[in-house]
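Novice:
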Amino acid sequence: MGRRATGPAPGSAPPVLAYDGDCGFCQSSVDRIRSLAAPTLEAVPWQFLPEESTAPHRARLDREVLLLRGSTVLAGGADAVARWLGSSPSAGCRVVGAVLRLPGVRGCARVVYRGVARNRHRLPGGTPACAVRPAGTR
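No gaps in the numbering here: position 90 of the sequence shown is 90 in this note's numbering, and each next residue is one more.
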């Protein structure tokens, strides 16, 4: 008996960069990178993704972008941004993405990302809605 097609095989869907769509700084950053780098991986506010994909990661999604394939986290924060940039058709952007993944540079990129994420409400485009709440609060 033949196999019925039921859609893409598990894990074959392309990853998506999930970001906080309620944050003006996050939205303007994604828009700016899209206009400059045109990454081929899709970036979507996590609020628009299926609940089953985001629910297990809600605390992280309030603090950092996540590269998701379904409900599986492939990368977070600076690592996710580096992989997103690496999907760009622009050789320069792919190089930036690769450099951000180099040992030593990766650690620095993570520190800078965490600092930006903690202060995103103070940055251009940021609003009080962008503020990262302390862990365990809502």
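C-beta atoms are modelled at their ideal positions from N, C-alpha and C, and glycine is treated no differently.
Quick one: give me the first and last residue of the beta strand (DSSP E) that residue 73 is part of.
Specialist: Looking at the DSSP string, the run of the beta strand (DSSP E) that includes residue 73 is 72 to 76.
Novice: Using DSSP with H/G/I as helix, E/B as strand and the rest coil, what is residue 8?
Specialist: With a pLDDT of 46 at residue 8, under the threshold of 50, the predicted position of this residue should be treated as unreliable, and no value is reported.
Novice: Per DSSP, what kind of secondary structure is residue 56 in: helix, strand or coil?
Specialist: Three-state result, residue 56: helix.
Novice: Counting beta carbon pairs with one atom in the region 49 to 61 and one in the region 94 to 102, are three or more of them shorter than 8 Å?
Specialist: The region 94 to 102, when compared against the region 49 to 61, does not touch it at the 8 Å Cβ threshold.
Novice: Please list the terminal residues of the continuous alpha helix (DSSP H) segment that includes residue 140.
Specialist: This structure cannot settle anything about residue 140, because the visible part of the chain is limited to 1 through 138.
Novice: Which of the three DSSP states is assigned to residue 65 in this structure?
Specialist: Coil.
Novice: Taking DSSP's pairing of strands, which residues face residue 45 in a bridge?
Specialist: For residue 45, which the question treats as bridged, DSSP gives the partners 19.
Novice: Short of 7 Å in beta carbon distance, which residues of its chain neighbour residue 75, apart from the five on each side in sequence? Order them along the chain.
Specialist: If we look at residue 75 and ignore the five residues flanking it on each side, its Cβ neighbours are 67 and 83.
Novice: For residue 29, report the span of its alpha helix (DSSP H) as first-last.
Specialist: Unbroken alpha helix (DSSP H) run through residue 29: 24 to 37.
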